[in-house]
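Numbering (our numbering), first residue to last: 10 to 272.
Just so you know, even glycine gets a beta-carbon here, dropped at the ideal spot from N, CA and C.
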DNA sequence: AGTACCACCTGACGGC
DNA sequence: TGCCGTCAGGTGGTAC
């Protein structure tokens with residue numbers, strides 16, 4: 010599930026549950042989710058310390074540890090967090106279990122094990138190493154035009170490429186393109202200036218709306234594509250059958266009536 | 001340099 | 001019921 014709005018929700022969840030509590034135990038249940046730190050290293054550096062604050066950048070969540078470094082969480086396709094007391098409530102795909110001195114636990118649950126946890130001394134250096142583009146919510150239009158200079162891939166590929174812009178994935182790229190009225194395979198360098206501006210505005214608007222709705226599809230506006238984004242789905246505006254195609258290896262849904270190539 | 005494709009994992013679902 | 005292919009909200013490596 011995790012794209013920017015989901016990770017933002019995880020950030021708020023951590024803020025509300027897991028800060029300022031002494032970490033008593035760290036149990037790595039699957040080594041596949043280890044990024045740049047070993048299980049031993051995570052245990053050694055976290056145990057006895059407290060989480061202080063959090064920061065989100067793109068789809069990454071950084072948690073400040075009182076010892077002066079950052080614990081990194083990335084959620085892959087299926088990652089999520091759960092804070093609970095009774096160990097019987099441990100979620101089914103718990104891959105990393107952090108236990109606090111207050112008797113509560115925080116589980117990093119990741120069914121497909123495509124997510125990664127790690128450590129970094131500085132958030133900025135991690136972002137540089139990963140070569141992440143600017144976070145969508147911090148992006149301004151001038152910068153967007155600069156970073157798109159020389160690009161000629163499809164607009165959907167461009168939105169989803171974390172090296173270009175950080176935070177947008179498959180689902181929200183479809184939503185942004187639907188709201189902007191752009192066909193997913195439109196080449197980014199063929200977009201008219203006015204439409205690029207519209208696309209820029211929708212990036213922010215769609216993600217902010219999803220954050221405000223706590224990513225609950227039920228709470229999203231009724232004219233959003235997201236709730237209809239499945240086989241047999243219809244356009245929420247004109248009830249046309251949605252089209253389903255592959256764009257750079259991912260499934261794209263769009264309304265053939267509202268989303269045109271030459272705009 | 002920029003883009004496309006496959007592999008990495010697990011589990012759910014539909015068809016035979 | 002069992003088996004098989006397909007698909008899933010991500011990313012890294014590699015091939016063009």
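Expressed to the nearest angstrom, what Euclidean distance is found between the alpha-carbon atoms of residue 98 and residue 112? 13 Å
Nearest to residue 25 by alpha carbon, out of 50, 81 and 91? 91
Between the alpha carbons of residue 144 and residue 177, how many angstroms are there, rounded? Cα-Cα distance, rounded: 9 Å.
Is residue 267 helix, strand or coil when you go by DSSP? Correct three-state label for residue 267: coil.
List the whole-angstrom C-beta distance separating residue 187 from residue 66, where the pair is believed to meet the contact cut-off of C-beta under 8 Å. Going by Cβ atoms, the distance from residue 187 to residue 66 rounds to 26 Å, so no, they are not a contact pair.
Going by DSSP, what residue range makes up the beta strand (DSSP E) through residue 113? First-last for residue 113: undefined, no H or E at that position.
For the region 34 to 50 and the region 204 to 218, state whether three or more C-beta atom pairs, one from each stretch, are separated by less than 8 Å. Taking a contact to require three or more Cβ pairs closer than 8 Å, the region 34 to 50 and the region 204 to 218 do not qualify as touching.
Residue 304 - partner residues in DSSP beta bridges: Nothing in the structure corresponds to residue 304, since the chain is present only between 10 and 272.
Helix, strand or coil for residue 137, going by three-state DSSP, please let me know. In this structure, residue 137 counts as helix in the three-state DSSP scheme.
State the DSSP-derived secondary structure class of residue 300, mapped to helix, strand or coil. Because the chain in this structure spans residues 10 to 272, residue 300 falls outside the shown range and cannot be described.
Out of 205, 137 and 120, state which residue places its alpha-carbon closest to the alpha-carbon of residue 157. Looking at the Cα atoms, 205 is the closest of the given residues.
Please report the straight-line C-alpha distance between residue 217 and residue 237, rounded to a whole angstrom. 20 Å
May I ask you to verify whether the region 73 to 89 touches the region 52 to 61, counting CB pairs closer than 8 Å and requiring at least 3? yes
For residue 55, tell me which candidate among 110, 219, 68 and 96 has the shortest Cα-Cα distance. Per the Cα distances, 110.
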